[in-house]
Structures are given as C-alpha cells and as structure tokens.
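Here is the structure we will look at.
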Amino acid sequence: MAALRRARHGLSKVSFMQNAFLAKSAISVSAFMTAASAWAQSTTPAQPPERGQEGWTGDILVIGVRGGYGVPATDAGTRTDTPLIQVPQSIQVLTRTLIEEQDRRTLGEALVNVSGVTPTRSDEVLFIPPIIRGFPAEVYLDGLPVFAGNQQAYDPNGLVGVARIDVLKGPSATLYGGGLGTPLGGIINLESERPGDRLGGTLALRAGSFSTWNPYGELNVPLADGLATRIAGEYQRNDSWIDKVDGRRWSIQPSLSYQIDAATDLLVQGQFSHCSTLEYSGLPADAALAGTIRRNAFPGTESN
Numbered sequence: 014m015a016a017l018r019r020a021r022h023g024l025s026k027v028s029f030m031q032n033a034f035l036a037k038s039a040i041s042v043s044a045f046m047t048a049a050s051a052w053a054q055s056t057t058p059a060q061p062p063e064r065g066q067e068g069w070t071g072d073i074l075v076i077g078v079r080g081g082y083g084v085p086a087t088d089a090g091t092r093t094d095t096p097l098i099q100v101p102q103s104i105q106v107l108t109r110t111l112i113e114e115q116d117r118r119t120l121g122e123a124l125v126n127v128s129g130v131t132p133t134r135s136d137e138v139l140f141i142p143p144i145i146r147g148f149p150a151e152v153y154l155d156g157l158p159v160f161a162g163n164q165q166a167y168d169p170n171g172l173v174g175v176a177r178i179d180v181l182k183g184p185s186a187t188l189y190g191g192g193l194g195t196p197l198g199g200i201i202n203l204e205s206e207r208p209g210d211r212l213g214g215t216l217a218l219r220a221g222s223f224s225t226w227n228p229y230g231e232l233n234v235p236l237a238d239g240l241a242t243r244i245a246g247e248y249q250r251n252d253s254w255i256d257k258v259d260g261r262r263w264s265i266q267p268s269l270s271y272q273i274d275a276a277t278d279l280l281v282q283g284q285f286s287h288c289s290t291l292e293y294s295g296l297p298a299d300a301a302l303a304g305t306i307r308r309n310a311f312p313g314t315e316s317n
C-alpha cells in the first residue's frame, strides 16, 4: 500500500510538472505571436490617399523672402564682402529695417543696440566720439574716416540715406590705421544707400514738442541701363525748454552710380549739411543749489 501511494504521488508530481511546462509554453507562444503581430503592424507603411481621394493634400510649395535684422555678409572686417561667420572678429550690424522699426533718428540712438558701446549725445558727438570697449572709436562713412581732422564731414543728428551701421569691435589698425582708439577699441562704419535700378522714394514728416519739425525724404531714379541717381535730404528746426536754445539744420546727399560691367561700378556721392545750434554749458552749481536761478535759464543771455 505504501508503495502504491508513493507511486500515485510520483505520478501526480509528474502530471503537475507537465501541466506547468505546457502552461509556460503556451504563454511563451502567445507572447511571441503578439510581438510578431505588433512588429508586422509597425513595419507595414500606411498607404497615402491617391490623387482625387478624400484626405489627399498633395505637395505644398511656400515661396517668400526671408526677414529679420541680420545680414549674411559685410566688408567691415576684411574690406571684402565676407560672410560674418567666416570673420574672426566681433562685428555687429544694425540694418535699415531695425533703424526704421525702432524709429532711431540719430547715431547715438541707434548705437544703444550694440553691446560694449557707449554712445554720446547727438550734440556732443563732434567733440566726444562714441566709446567701444573703453576706448574712443572713429566714425567712418563708406570705409573713409569722417572725424579725423574733418569733423564736419558727416551730420550725426540724422540717419537719412544710411543703409546700415557696422560696428567692428576689437583691434582693427591693420585695415583702418591708428586714429583715436581704433587700434584697440574698434570702429563704427556707416554704409550709404546706393542708387538702384527701380524708381521709388519716400517722404515723411516728424513733429514733436518744443516746435520740432523734421521733414525728410529719399528719391531713387534710374536714368538709363546701368545708370541711376539717388538723392536724400532732410530739414529740422526745434526749440528747447531752455531759454535761447534752438536748432536749425539741413542735409542733402546726392549720389550717382554707373555700372561699367558685371564686376565694376562707379559711384560718385556727396553730402552738403549745415547745423546751427547754441551750446548749453549748464547752470552755476551754487545758484542752482540755492534756488536763486530758474531751471530753464541760460546764464549770459540778454534775458538772464
């Protein structure tokens, strides 16, 4: 009897092991079939709708002009039209689009966009140049110095006719010489608008407080094939909250361009400007602190 019970117990144990083995095999086969089915579904590409069927969109081609404030290349750092990414020097370019959208009217107002540059007031720029990285910077117009011995060659109070402003930071005496702080600080180069082959122009008027009037405009006229002229000008008159301090200035910038061949053109341009204003030196410190003089007084004039 004991032997029979042991035999039945062994048979039962074998039967249990067989059932467990079959269950594991069934689970493994089921998992393999599920994974194979999922893999087959993931590798079968979805068939796009054919032309004319519902859901068909076709190819979409978008054509436009790239916007933004950046320029791909400039000649400020190498004297050649080199992409900025290939110039081993820090150059920041202020485009005409940026100047117009921010309504910057003077060189000092535009330079606030440049890091490392300390602009000066428009009424002081003829005597105190802007500062780049702690050093005085020379101002150039189309690659030529305008403040080196000829401080009246450019009107810093207006940006009419300026296409862009290039700010070259760091040593640049190899290309531009050693005036002021250029060997260490950098330079500021203003590029003029050039005559084009399309007829167009702008005319605007700006007005403000203290009887400020500032009409300005530009006109581009193609004269013949490869020959075009452009003229820009402005006039401004303004008073001030300070007695006897007012200003009058005007500027005219004509230019003529002739395309000699595909790689050569001749550009003749000029600028005629006049600025008349009274320099204000401030109030005496003792009288201003004591309150014995008006804040808007100009000491030394007939009314004061």
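Each residue of the sequence shown is one higher than the last, beginning at 14 in this note's numbering.
Every residue, glycine too, gets a C-beta built ideally from N, C-alpha and C.
With 16 or more other Cβ atoms from the protein chains shown falling within 10 Å of its own Cβ, Asn170 counts as buried. Taken in chain order, the unbroken stretches of beta strand (DSSP E) that lie wholly in the stretch 92-159 and span 3 residues or more are 104-108 and 151-154.
Under the three-state reduction of DSSP output, Asp274 falls in the strand class. Collapsing the DSSP output to three states places Asp179 in a strand. Taking 9 Å as the cut-off, the beta carbon of Ile144 is found no closer than this to the beta carbon of Asp179. Annotated three-state conformation of Thr305 is coil, per DSSP. For Tyr248, the secondary structure class from DSSP, reduced to helix, strand or coil, is strand. Apart from the 5 residues on each side of it in sequence, Ala176 sits with its Cβ closer than 7 Å to the Cβ of Arg109, Glu204, Ser205 and Glu206 in its chain, given in chain order. Comparing C-alpha distances from Thr215 to each of Gly230, Gly209, Leu280 and Ser253 shows the shortest one belongs to Gly230. Of all alpha-carbon atoms in Arg250, Pro235, Pro208 and Leu120, the one lying nearest the alpha-carbon of Leu154 is that of Leu120. Comparing alpha-carbon positions, the option among Ala276, Leu97 and Leu212 lying closest to Gly83 turns out to be Leu97. Per the coordinates, the alpha-carbon of Arg250 lies some 7 Å from the alpha-carbon of Asn227. Around the beta carbon of Thr277, fewer than 16 other beta carbons lie within 10 angstroms, which makes this residue exposed. In the DSSP assignment, Tyr229 falls outside any alpha helix (DSSP H) and within the unbroken beta strand (DSSP E) covering Thr225 to Ala237. Ser286 places its beta carbon 9 Å or farther from that of Pro208. Residue burial is scored here from C-beta neighbours: Val130 has at least 16 other C-beta atoms within 10 angstroms and is therefore classed as buried.
In this structure, the beta-carbon distance from Arg219 to Arg118 falls below 9 Å. Within the DSSP secondary-structure output, Arg261 pairs in a beta bridge with Arg250 and Ser289. In this chain, Leu188 is not harboured by any beta strand (DSSP E); it is covered by the alpha helix (DSSP H) spanning Ala186 to Tyr189. Looking at the DSSP output, Pro267 sits in a beta bridge with Ile244. In this structure, DSSP gives Ala89 a state outside helix and strand, which the three-state scheme calls coil. By the CB criterion at 9 Å, Leu197 and Arg146 fall inside the cutoff. Less than 9 Å divides the Cβ of Gly239 from the Cβ of Tyr271. With respect to Thr225, Val258 sits apart: the two C-beta atoms are not nearer than 9 Å. Residues of the same chain with a CB within less than 8 Å of the CB of Arg134, apart from the 5 flanking positions on each side, are Gly121 in chain order. For Arg219, the enclosing beta strand (DSSP E) begins and ends at Gly213 to Gly221. Here the alpha carbons of Glu113 and Leu181 stand approximately 22 Å from one another.
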